[in-house]
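Take a look at the structure below.
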């Protein structure tokens, strides 16, 4: 799988029923991320992956060619896809194949997000909201310009495409009061997902012992978020 690509592809899920709403999708995982979230479930692709472990870009597109008429969409996830130097060109190729496209992003590259939307290269966006802005650095375990997170939220709110915000919930990291602040941050958004933390694989081994909220507690958080967001779901 030796690869010299503008977009480093570290993984490919050939079919998914859950990653693009109501569509059958393939999921492409790009290599590299600028966050180091302790609970990350894809730690193997956070840093540059050796070239012999990357997928050839041409091989991925050859596979997608065989799935025309069987797949509705392609999701580009990660890692953080907007770090890739020609992510716009990558999405353009997907659109030329007549696939619906979805971007999973952490929101740290608002210029790239805006470019993809303005050029109509992306049909759906899912953006992670890791924490209230003042707690971001603690949760993502790295320095971050939270103004860029705020910009990406604003871009999506003003975009003419469907989108969702979502938060992975580790009980020790986020309190009820934190969710109140998140609600204010994304107030008016059409859709928000509360994601239950599952300690199967984590970047920080200590987080294998961490827990999420109980089902009853999630309902309380959902009630908080419904004050600010039209549709709140738990998954």
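Residue numbers (the numbering used here): 10 to 244. Just so you know, even glycine gets a beta-carbon here, dropped at the ideal spot from N, CA and C.
{"query": "Are the CB atoms of residue 242 and residue 149 within a distance shorter than 8 Å?", "result": "no"}
{"query": "Quick check on this structure: which residue in 227, 24, 197 has the alpha carbon closest to the alpha carbon of residue 239?", "result": "197"}
{"query": "If I follow the unbroken beta strand (DSSP E) through residue 86, where does it start and stop?", "result": "82–86"}
{"query": "I'd like to confirm the pairing. Which residues does DSSP put opposite residue 37 in its beta bridges?", "result": "21, 85"}
{"query": "How long is the line joining the alpha carbons of residue 222 and residue 67, rounded to whole angstroms?", "result": "43 Å"}
{"query": "Less than 8 Å between the C-beta atoms of residue 134 and residue 112, yes or no?", "result": "yes"}
{"query": "Can you pull the DSSP bridge partners for residue 134?", "result": "112, 172"}
{"query": "One question on the structure: do residue 39 and residue 82 come within less than 8 Å of each other, judged by their Cβ atoms?", "result": "no"}
{"query": "Would you mind giving the Cβ-Cβ distance between residue 236 and residue 192, rounded to the nearest angstrom? I have them listed as a contact below 8 Å.", "result": "6 Å"}
{"query": "What does the Cβ neighbour count give for residue 161, buried or exposed, with the cut at 16 atoms within 10 Å?", "result": "buried"}
{"query": "Rounded to whole angstroms, what's the CA-CA distance from residue 194 to residue 183? Just pull it up for me.", "result": "15 Å"}
{"query": "What's the call for residue 119, buried or exposed, on a 16-neighbour Cβ count within 10 Å?", "result": "buried"}
{"query": "Within the continuous alpha helix (DSSP H) that includes residue 124, where are the two ends?", "result": "119–127"}
{"query": "Please classify residue 11: does DSSP put it in a helix, a strand, or coil?", "result": "Its pLDDT being 41, under 50, residue 11 is placed unreliably in this model, and the coordinates cannot settle the point."}
{"query": "Could you give the distance in angstroms between the alpha-carbon of residue 18 and the alpha-carbon of residue 55?", "result": "12 Å"}
{"query": "Buried or exposed: where does residue 199 fall if 16 or more other Cβ atoms within 10 Å of its Cβ makes it buried?", "result": "exposed"}
{"query": "Would you decide whether residue 117 is buried or exposed? Buried here means 16 or more other CB atoms lie within 10 Å of its CB.", "result": "buried"}
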